[in-house]
Amino acid sequence: GAGVSQSPSNKVTEKGKDVELRCDPISGHTALYWYRQRLGQGLEFLIYFQGNSAPDKSGLPSDRFSAERTGESVSTLTIQRTQQEDSAVYLCASSPPPGLNEQFFGPGTRLTVL
Amino acid sequence: TQLLEQSPQFLSIQEGENLTVYCNSSSVFSSLQWYRQEPGEGPVLLVTVVTGGEVKKLKRLTFQFGDARKDSSLHITAAQPGDTGLYLCAGAGSNTGKLIFGQGTTLQVKP
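These protein sequence lines are chains A and B, in that order.
Quick note: the first sequence, position 86, residue 86 per the working numbering, numbers continuous.
Just remember that the working numbering sits 114 ahead of the position in the second sequence, which is counted from 1.
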């Protein structure tokens with residue numbers, strides 16, 4: 001079966017440009033998460049969607065970061081006016097209906113801001 | 115704020131050696147998960163432990179959840195080069211779907 005997919009796999013952009021990252025979760029998974037991972041480090045929580053509830057945005061590092069999710073499907077993470085410190089791998093994960101919150105991760109989008 | 119501290123952060127060992135990775139917190143978690151991540155890929159779930167004192171085995175990997183559900187350990191017996199990767203623990207609270215991740219342990223097993 002299809003896993004979590006993310007696009008693009010790699011994105012190189014210039015400082016100050018906006019970027020949009022996409023995540024397609026596993027069908028039927030109600031929860032969706034975005035994380036940021038800097039080189040050689042752990043996961044930094046960004047935002048969490050659960051069904052139709054208001055998203056938990058507590059991890060977004062600044063107002064340049066925003067995310068949307070259409071129902072229980074695709075999500076997009078938008079970074080406006082990118083900065084060099086935004087360079088990282090952005091990981092998306094989805095999780096099936098309420099249970100143990102076991103997360104299934106996509107391969108990530110590697111963002112490089114020049 | 116719930117935090118998970120993993121130790122050690124880095125571990126480089128020879129093939130055949132044993133190792134233990136620790137995940138500690140002052141908070142209680144309803145469950146705790148271990149993931150492994152290889153370069154260029156997303157983390158992959160290895161195991162979930164739910165009950166205090168629970169022990170689960172996955173081939174040469176043994177996972178334990180502390181009695182108080184505040185800590186966990188991952189023990190690898192006779193490590194192999196294929197075990198190389200980043201190991202992450204993640205705790206789930208009882209009232210939120212959000213996971214709290216540790217900072218990870220990078221394991222390198224040399225042949």
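Just so you know, even glycine gets a beta-carbon here, dropped at the ideal spot from N, CA and C.
- Annotation: B:Gly167 has no Cβ neighbours in chain A at a cutoff of 9 angstroms; minimum Cβ distance is about 17 angstroms.
- Nearest neighbour of A:Val4 by Cα position, chosen from B:Gln217, B:Gly205, B:Val158, turns out to be B:Val158.
- If you draw a 10 Å sphere on the C-beta of B:Ala206, you find 16 or more other C-beta atoms in it, and that means buried.
- With respect to chain B, the C-beta atom of A:Gly42 has a partner C-beta closer than 8 angstroms.
- Between the alpha carbons of B:Pro122 and B:Ala204 lies a distance of about 16 angstroms.
- Secondary structure at B:Gln128: strand, using DSSP grouped into helix, strand and coil.
- In this structure, the CA atom of A:Glu44 is about 5 angstroms from the CA atom of A:Arg36.
- For B:Gly156, the closest Cβ of chain A is nearer than 8 angstroms.
- At least one CB of chain B lies nearer than 8 angstroms to the CB of A:Phe105.
- Neighbours of B:Leu117 in chain A, taken as residues at a C-beta separation under 7 angstroms, are lacking, since the least C-beta distance is about 12 angstroms.
- For the set B:Leu118, B:Pro153, B:Glu119, the Cα lying nearest the Cα of B:Leu221 is the one of B:Pro153.
- Taking C-alpha positions only, B:Glu129 is separated from A:Lys17 by approximately 46 angstroms.
- Taking B:Thr198 as the centre and dropping the five residues before and after it, the same chain places the C-beta of Leu221, Gln222, Val223 closer than 7 angstroms to its C-beta, in chain order.
- For the 8 angstroms CB-CB criterion, A:Pro107 and A:Ser73 do not form a contact.
- Contact of B:Lys170 with chain A by beta-carbon distance below 7 angstroms is absent, the smallest such distance being about 13 angstroms.
- A residue is called buried when at least 16 other Cβ atoms come within 10 angstroms of its Cβ; B:Phe124 does not meet this threshold and is exposed.
- Taking a contact to require three or more Cβ pairs closer than 8 angstroms, the segment 26-35 of chain A and the segment 173-187 of chain B do not qualify as touching.
- At least one CB of chain B lies nearer than 8 angstroms to the CB of A:Ser95.
- Spatial neighbours of B:Leu172 in its own chain (CB-CB distance under 8 angstroms, excluding positions within 5 residues in sequence) are listed in chain order as Leu160, Val161.
- By the rule that beta-carbons nearer than 8 angstroms mark a contact, B:Ala182 does not touch chain A.
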